[in-house]
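Those protein sequences? They're chains A and B, same order as listed.
Position 219 of the first sequence, counting from 1, maps to 219 under my numbering, and the rest follow consecutively.
Position 48 of the second sequence, counting from 1, maps to 48 under my numbering, and the rest follow consecutively.
Have a look at the structure below before the remarks.
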Amino acid sequence: MATDQGKIANIPGLAILADISGKTIAETGTTIFRPPYTPVPIAAFAGRSRGKDFRPTRLTPSHKWASAEGAVFVETGAWLRAQWYPKTGETEWRQSVDREVLATRASVGICDVTTLGKIDIQGRDAAAFLNHVYANGFAKLPIGKTRYGLMLREDGMVMDDGTTARLGETHYVMTTTTANAVGVFRHLEFCRQCLWPELDVQLISITEQYAQYAFAGPNARRLLEKLIDSGEDISNEAFPFMACGEISICGGVKARLFRISFSGELAFEIAVPSRYGDAMIRALMAAGEEFGVTPYGTEALGVMRIEKGHIAGNELNGQTTARQMGLGRMVAQSKDSIGLVLSRRPELVRDDDYELIGLKPVDSDQPLIAGSHFIGIGASTVAENDEGWVTSIAYSPHLKSAIGLGYIQRGNSRHGDIVRAVNLLGGQDIKVELCSPHFIDPEGTRLHG
Amino acid sequence: MAKSAPMSKTLPSLTAQSPLGGYKMIVDGTSLIEVTGLSMVSVAPLAGSQAAFQTATAKLFKTGKSDSSKPSATMALDRPGKQRCILMPSAQNQWFLCFDDDGTNPIDAAKALLGKSLSKQMAMTDQSDSWVILALSGPQSRRTFARICPIDCSASAMLIGTTARTSMEHLGAIITRRPDEGDHQPCFWLLSARSSAASFLHTITGSPPFRD
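Encoded structure:
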């Protein structure tokens, strides 16, 4: 009934009823009206929930700095995140985003990743707990190492992904996506309290405790080396890809350092207590000046992850499987984990299932539209011929073309195929070439540099 | 982290900021002041360590070993003396140990307070930078709760030490009643997430007596 409380639908409904029963509307009678009987302006329902009173806003510790840099923010849940940082003379968002992507891959860029969910996990059974929660193995993750993890729901679909670092014998830190931070924490508490109360595990959110910055690009290490205290060693040998640990910076501040990368570049994430977040970003920017350090926002982050073929929310939308994402082998078959059994359902392991692919327009001047559907060349544009859909799109300043990710039936065996990407809402019907989702550095040489 | 040969360089120092920059507001004798300089560490006894935790807290808070003085899910413990030291219930089998920040690593300081032998029996996590804390005190302080807080904060329902995890205007909050101040004036600490501290403050200062 919604906002009109049946006032509009009721009369046609009564008219239809009267017609069927061969009576007039008056003879049929009316229903008992729900209040409000007198129309009430929707603004009155909103009441004081306007402006700052509408809902709370979450700001990262370096929000003031980002505002001063001219950041254009986007709401991510209650968080405000910088989308891009326009520079003087940039009149269109793509100019800023392209510049941020190119600068990051050419030298070094910094992104505020404070909003990612962070969960502190401790206890004698923490390893066993993680091993059950994640589809891939965590029992043997060494201290000082980080591992990418995939979490399934009981129905076998992917719930969330993220990294978990082992800080000590019985101490782990899990990161979640920004959007799923609360959901994952709730899920872990359910597992701990209801599914496996016998496990000795304690959880607490530390999302608020740390300001966290990712800095990526070939000069990322050189930048950080300018800020670490004497005696710390972050060379590739001492601190290789996926390493983690405590580090002393800027004269004694204890930070956590993770060698992880979402962009495919040599990258680190540093977490400092939130009280130092504002000072940390300013110190990183000052130290990076000689490298032309560039702050980048969520849009550039999105471009780089698509260039690298990393899945994110559009691919991981609660309706997709690890197998579809190309991560089927991560689901360990030798141990029990949430979702394992139902991930083996026949419908989820079909040979003609959707598989993650990359795509680019045959005419590189044409844009792509996310949500477009794949239809074969020459096939009529009807639902029966729908072979899959485009999940994420971006303009790659490196490839000088729009690129995208998507799911298409038997995608892994179709690299090089030409199909149509049809978007009836957007009025687009173009040819696209299917390819590997890894557009940049598929061998990972930059990552391990 | 591996260690290498010392390097000689000039490092910038990082300046700490509190969530609200030391906010303070007083209206008709009722005050709203940001609590700063406090370390906060969550303490959760691991399996089989509850008794050891109780012994440690009885010693730290000098409460003896009666049932009524053990760490509870609703009442905070307060150590008498000039230095602040409070044990505040925060969740099932979890407490926040709050104490004056003297520059020591909060986890190390918490271990020292509870006894180092106990440290492997507790899950301890630094929460010092996770929360904004506002001290609300004075004759009209309870008026602040009327619209924005769903729990009963009256004198009879909320005795000194009572701590509740609740919400204020839809923001998750912890409310704890602190010892009275001055002339038997009630005092409450209101805790909420650091990232939404500005929204939390807006909510409270939009309520009586700060905005009548």
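For glycine and all other residues, C-beta sits at the position ideal for the given N, C-alpha and C.
All values reported here derive from a predicted model rather than from experimental measurement.
Integer-rounded CB distance, given that Ile206 of chain A should sit under 8 Å from Ile281 of chain A | Their Cβ separation, rounded to whole angstroms, is 19 Å, which puts Ile281 of chain A and Ile206 of chain A out of contact at 8 Å.
Reduced DSSP category for Ile8 of chain A - H, G, I as helix; E, B as strand; rest coil = helix
Figure out for me which residue from B:Phe200, B:Thr205 and B:Leu191 has the closest Cα to the Cα of Val35 of chain B.
-> B:Leu191
Does any CB atom of chain B fall closer than 8 Å to the CB of Leu266 of chain A?
-> no
Less than 8 Å separating the beta-carbons of Arg105 of chain A and His398 of chain A?
-> yes
Terminal residues of the beta strand (DSSP E) in which Gln212 of chain A lies = Tyr210 to Ala216
Apart from the five residues on each side of it in sequence, which residues of its chain come closer than 7 Å, Cβ to Cβ, to Gly70 of chain A?
-> Tyr85 and Pro86
Go ahead and label His373 of chain A buried or exposed: buried means 16 or more other beta carbons lie within 10 angstroms of its beta carbon, across all protein chains shown.
-> buried
What are the boundary residues of the alpha helix (DSSP H) that Met304 of chain A is part of?
-> Thr298 to Lys308
Okay, do the stretch 263-280 of chain A and the stretch 7-23 of chain B touch, 3+ Cβ pairs below 8 Å being the bar?
-> yes
So, is the C-beta of Cys191 of chain A closer than 8 Å to a C-beta in chain B?
-> no
Under 8 Å between the Cβ atoms of Val422 of chain A and Lys360 of chain A?
-> Not a contact, by the Cβ cut-off of 8 Å.
So which residues on chain B does Thr57 of chain A lean against when the C-beta distance must stay under 8 Å?
-> Ser196, Ala198 and Ser199
Quick one: list the residues of chain B neighbouring Thr60 of chain A, beta-carbon separation under 8 Å, in chain order.
-> Ser195
What do you get for Asn105 of chain B, buried or exposed, if any count of 16 or more other CB atoms within 10 angstroms of its CB means buried?
-> exposed
Where does Pro295 of chain A land, buried or exposed, given buried means 16+ other C-beta within 10 angstroms?
-> Residue environment: Pro295 of chain A is assigned as buried (16 or more neighbouring CB atoms within 10 Å of its CB, all protein chains considered).
List, in order along the chain, the chain B residues whose C-beta lies closer than 9 Å to that of Ala78 of chain A?
-> Ser195, Ser196 and Ser199
Asp233 of chain A and Gly252 of chain A closer than 8 Å at C-beta | no
Ala139 of chain A - partner residues in DSSP beta bridges | None, per the DSSP bridge assignment.
Whole-angstrom distance between Arg178 of chain B and Arg211 of chain B, CA atom to CA atom = 24 Å
Does the beta carbon of Ala68 of chain A sit closer than 8 Å to a beta carbon anywhere in chain B?
-> no
Report yes or no: is there a C-beta of chain A within less than 8 Å of the C-beta of Ala56 of chain B?
-> For Ala56 of chain B, the closest Cβ of chain A is not nearer than 8 Å.
Return the CA-CA distance between Leu152 of chain A and Thr321 of chain A, expressed in angstroms with no decimal places.
-> 8 Å
Using alpha carbons as the reference points, say which of A:Glu384, A:Gly411, A:Ala379 and A:Val72 lies closest to Arg350 of chain A.
-> A:Gly411
Contacts that Ser42 of chain B makes with chain A (C-beta to C-beta distance below 9 Å) = Asp120, Gln202 and Ile204
Let me know the secondary structure DSSP gives Ser137 of chain B once reduced to three states.
-> Judged by DSSP in its simplified three-state form, Ser137 of chain B adopts strand.
Could you tell me whether the Cβ of Asp126 of chain B comes closer than 8 Å to any Cβ of chain A?
-> Yes, its Cβ sits closer than 8 Å to a Cβ of chain A.
Please name the residue in A:Met325, A:Val72, A:Trp196 and A:Ala44 whose C-alpha comes closest to that of Tyr407 of chain A.
-> A:Met325
Nearest-angstrom Cα distance between Met1 of chain A and Ala9 of chain A?
-> The predicted position of Met1 of chain A is uncertain, since its pLDDT is 45 and thus under 50; a value taken from the coordinates is nonetheless stated next. Cα to Cα, the separation comes out at about 8 Å.
Verify the CB distance criterion: does Gln17 of chain B have a CB-CB separation below 8 Å to chain A?
-> By this cut-off, Gln17 of chain B is an interface position.
Quick one: what's Arg165 of chain B bridged to in DSSP?
-> B:Ile174
Can the beta-carbon of Ala243 of chain A be found less than 8 Å from the beta-carbon of Gly358 of chain A?
-> No, the Cβ-Cβ distance between Ala243 of chain A and Gly358 of chain A is not below 8 Å.
If contact means a Cβ-Cβ distance below 7 Å, which residues of the stretch 278-300 of chain A contact chain B?
-> Asp278, Ala279, Met280, Ala283 and Ala286
Could you pull the start and end residues of the beta strand (DSSP E) that Val173 of chain A belongs to?
-> His171 to Thr176
Using DSSP with H/G/I as helix, E/B as strand and the rest coil, what is Arg420 of chain A?
-> DSSP, reduced to helix, strand and coil, places Arg420 of chain A within a strand of the structure shown.
Hey, could you find the ends of the beta strand (DSSP E) Gly149 of chain A is sitting in?
-> Thr146 to Leu152
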